[in-house]
Amino acid sequence: MIVLKFYSPNGLSEGIKMELSRLIKNAKKIVFFTGAGISAESGIPTFRGKDGLWNKYSPSELAGCVNNFV
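In terms of the UniProt record's numbering, the sequence shown is residues 1 to 70.
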């Protein structure tokens, strides 16, 4: 498993972009962990938004169950 972390307020350097591109092309599976804002920007309902999972299930159903999100 390869774990990469990028924290760059000014964007990624060309070298990092090339390496990231190579890793993605050669990967069998990819997982991205992002912040909550990426859902809203993409039009995907947020967890606690009006149409989010929070309103559809009780907290006890969701608590500790990672399978709900995979």
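Where is the CB? At the ideal position from N, CA and C, for every residue including glycine.
The residues Ile30, in chain order, have a CB closer than 7 Å to that of Ile24 in the same chain once the five nearest residues on each side in sequence are set aside. With respect to Pro59, Gly52 sits apart: the two C-beta atoms are not nearer than 8 Å. Excluding its 5 nearest sequence neighbours in each direction, Trp54 has C-beta neighbours in its own chain below 6 Å: Phe47 and Arg48, listed in chain order. Shown here, Lys17 sits in a helix according to DSSP, grouped into three states.
When only Cα atoms are considered, Leu12 and Glu61 end up about 39 Å apart.
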